[in-house]
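Going by the working numbering, the first residue of the sequence shown is number 11, and it counts up by one from there.
All C-beta atoms, glycine included, are put in the ideal place defined by N, C-alpha and C.
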Amino acid sequence: MSAVPLLPEARVLRLDDAGIEVEIPVDPTAAVFAGHYPELPLLPGVFTLHAVQQAVLRHADIRHGVHPELQEIESVRFASPVFPGDTLTVDCAITRVDGMRTVKAQCRTGRGKSATVRLRYRDPA
Numbered sequence: 011m012s013a014v015p016l017l018p019e020a021r022v023l024r025l026d027d028a029g030i031e032v033e034i035p036v037d038p039t040a041a042v043f044a045g046h047y048p049e050l051p052l053l054p055g056v057f058t059l060h061a062v063q064q065a066v067l068r069h070a071d072i073r074h075g076v077h078p079e080l081q082e083i084e085s086v087r088f089a090s091p092v093f094p095g096d097t098l099t100v101d102c103a104i105t106r107v108d109g110m111r112t113v114k115a116q117c118r119t120g121r122g123k124s125a126t127v128r129l130r131y132r133d134p135a
């Protein structure tokens, strides 16, 4: 069984040396909502992490032609839920030093901040 596809519809808002910002409409009919808090459906946090991961990989591929490997999830803080029909915006500040990437991501919906994420990646040798 594969993950519910949410990211194919991601739209790049900004992509430069400093990072990437993408916008992802959250499909209200996605199967994940049927079993995740049926009385109050919300997007599981792992999908927010996946959205950040996909943004970082897209940035690395387009800007540098590489596919970095996740080394560490430094921190994840969920501030508010992402509901069916929301638009999730993921804004990643990416710093590259000596083959390592440090990512500071701010995730938000129309209601404000939904999560902050800090990740570290290693570029392929």
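Could you tell me the alpha carbon to alpha carbon distance between residue i and residue j, rounded to whole angstroms?
{"i": "G122", "j": "G75", "result": "33 Å"}
{"i": "L50", "j": "A125", "result": "19 Å"}
{"i": "R21", "j": "V36", "result": "12 Å"}
{"i": "V66", "j": "I72", "result": "10 Å"}
{"i": "G95", "j": "I34", "result": "10 Å"}
{"i": "F93", "j": "P38", "result": "8 Å"}
{"i": "A44", "j": "E79", "result": "32 Å"}
{"i": "T97", "j": "G55", "result": "15 Å"}
{"i": "S12", "j": "V42", "result": "Annotation note: pLDDT 44 at S12 (below 50); position unreliable, coordinate value reported separately. Going from the Cα of S12 to the Cα of V42 covers about 11 Å."}
{"i": "R24", "j": "A103", "result": "11 Å"}
{"i": "Y47", "j": "Q64", "result": "25 Å"}
By alpha-carbon positions, which one of the options ends up nearest to residue i?
{"i": "M110", "options": "Y47, F93, R130", "result": "R130"}
{"i": "Q81", "options": "R24, D133, A28", "result": "D133"}
{"i": "R128", "options": "F43, H69, I83, L25", "result": "I83"}
{"i": "V113", "options": "L53, V62, L23", "result": "V62"}
{"i": "L59", "options": "R106, D101, V107, D108", "result": "D101"}
Using the three-state DSSP reduction, which class does residue i fall into: helix, strand or coil?
{"i": "M11", "result": "For M11, the predicted structure reports a pLDDT of 35, less than 50, and the residue's modelled location is therefore unreliable. A value from the coordinates is still provided. Three-state DSSP puts M11 in coil, outside helix and strand."}
{"i": "A125", "result": "strand"}
{"i": "G120", "result": "coil"}
{"i": "R130", "result": "strand"}
{"i": "V42", "result": "helix"}
Hey, is residue i's beta-carbon within less than 8 Å of any beta-carbon in chain B?
{"i": "P35", "result": "Judged by its chain identifiers, the structure shown contains no chain B, having just a single protein chain."}
Problem - Every unbroken alpha helix (DSSP H) inside the segment 47 to 116 [4 residues or more] - result: 55 to 74, all fully within the segment 47 to 116.
Handout entry: Meets three-Cβ-pair contact criterion under 8 Å: the segment 87 to 99 and the segment 114 to 121
Key = Yes, they touch.
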